[in-house]
Amino acid sequence: MAHLLEVKGVWKFFGGLAALKNVSFTYDGGILGIIGPNGAGKTTLFNCITGVYRPSRGRVYFKGRDITGLKPHKVCRLGIARTFQIPRPFGNETVLENVTAARLFGGAGAVSIKKAAEEAMEVIRFVGLEGKAGVRASSLNIHERKRLEIARALVTRPEVLMLDEVASGLTPAEVDGIVELVKEINRRGVNVIWIEHVMRAIMRAAERIIVLDYGEIISEGPPEKVAKDPAVIKAYLGEEYVA
Ligand SMILES: Nc1ncnc2c1ncn2[C@@H]1O[C@H](COP(=O)(O)OP(=O)(O)OP(=O)(O)O)[C@@H](O)[C@H]1O
Ligand SMILES: [Mg+2]
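Going by the numbering used here, the sequence shown opens with residue 414, and the numbers climb by one from there.
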């Protein structure tokens, strides 16, 4: 059986800088966390999977199909959706318009604008933004923007949802709300790969964690194992975390 996702020997160079160095892993569902210091290559890994960048070397397979270098909208239509670390909604458009547009352009299967708007409204309710459907995206606070990002990705009905720091900058109560939302998304059958610095969130949500440092996987396993790994403590978590 092919893996849901397989990243095989992926390298990504920016000029002389190797942002990813021979990264390989397989993923067969559930909630996978990706952690590591700033600049470790986490977002670059997402970009190489979702077609924003073509890997300099290596391949990416989705359900056995080679998707290396496919354009982002094609990857999305195949069933991999992602959020952006810096939310980038169309600020002048409303929440409903933003999510409807995501359905029309990113989703699998063509639908009418009316049907797209209905599906968008359903997802907006699901993420808890129903009171904001008619307001401009630019007037949302950071927490609402994170939820809008999730809605725009979810409305494409992905098999794999990739989240890039959706809990950063939020209050502890908001973080807990996001953890619950992500777990609910996963219970409904969507697989989640989640990049996060907020340990309170990722250590609770993820079943498995991959740790990147300087473009390399330095540790991998269940959260409790990774949190105790001396290499991870040294590179990222620090002694205070363990204490
Ligand atoms: N488009 C680009 N051009 C040049 N260098 C880049 C580009 N994108 C990323 N990099 C570099 O690649 C390295 C990895 O960056 P990346 O954004 O993937 O890190 P990250 O793990 O997501 O960090 P953070 O936790 O701060 O978001 C960094 O050194 C970064 O400066
Ligand atoms: Mg990043």
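Cβ atoms here follow ideal geometry from the backbone N, Cα and C, with glycine treated the same way.
Asked	Found
For Val573 and Ala566, the rounded distance between their alpha carbons	10 Å
CB-CB length for Met616 against Ala586, believed under 8 Å	Not quite, the Cβ-Cβ distance comes to about 17 Å (not below 8 Å), so this is no contact.
Uninterrupted beta strand (DSSP E) stretches inside the region 563-638 (no shorter than 3 residues)	573-577, 604-608, 621-626 and 629-634
CB contact flag (Ala618, Val595, <8 Å)	yes
Residues with C-beta closer than 7 Å to any heavy atom of ligand 2, in chain order	Lys455, Thr456, Gln498, Asp577, Glu578 and Ile608
Reduced DSSP category for Gly541 - H, G, I as helix; E, B as strand; rest coil	coil
Asn511 - containing alpha helix (DSSP H), residue span	Val508 to Gly519
Nearest to Pro500 (by Cα), restricted to the options Glu419, Leu553 and Thr439	Leu553
Integer Cβ distance of Arg516 from Val508, believed to fall under 8 Å	That belief does not hold up - the Cβ atoms of Arg516 and Val508 are roughly 13 Å apart, past 8 Å.
3-residue-minimum beta strand (DSSP E) runs that sit fully inside the region 459-497, ordered along the chain	470-475 and 493-495
The beta strand (DSSP E) enclosing Gly451, as first and last residue numbers	Gly is not the amino acid found at residue 451; the sequence shown has Asn there. No beta strand (DSSP E) contains Asn451, which DSSP labels as neither H nor E.
Under 8 Å between C-beta atoms of Lys487 and Gly471	no
6 Å Cβ shell around His416 - same chain, five flanking residues per side excluded	Thr439 and Asp441
Own chain residues within Cβ distance below 7 Å of Ala580, not counting five before or after	Val588, Ile591, Glu609, Val611 and Ala614
Host beta strand (DSSP E) of Phe438 (start-end)	Leu430 to Tyr440
Whole-angstrom distance between Ala550 and Lys638, CA atom to CA atom	40 Å
Coil, strand or helix - Gly522 by DSSP	coil
Rounded straight-line distance, which links the Cα of Glu653 to that of Arg478	43 Å
Residue interval of the beta strand (DSSP E) (run including Gly422)	Leu418 to Phe427
Cβ shell of Leu542 (< 7 Å), same chain only, five flanking positions each side left out	Val508, Glu557, Arg560, Leu561 and Ala564
Helix, strand or coil at Arg501 according to DSSP, with G and I counted as helix	coil
Assumed close pair Gly628, Leu433 - CB separation to whole angstroms, cut-off 8 Å	5 Å
Straight-line gap, Ile537 to Lys527 (C-alpha atoms, nearest Å)	15 Å
Beta-bridge pairing of Arg673 - partner residues as DSSP gives them	In the structure displayed, the chain extends from 414 to 656; residue 673 sits before or after that span and is not available.
Cα-Cα separation between Ala530 and Leu491, rounded to whole angstroms	21 Å
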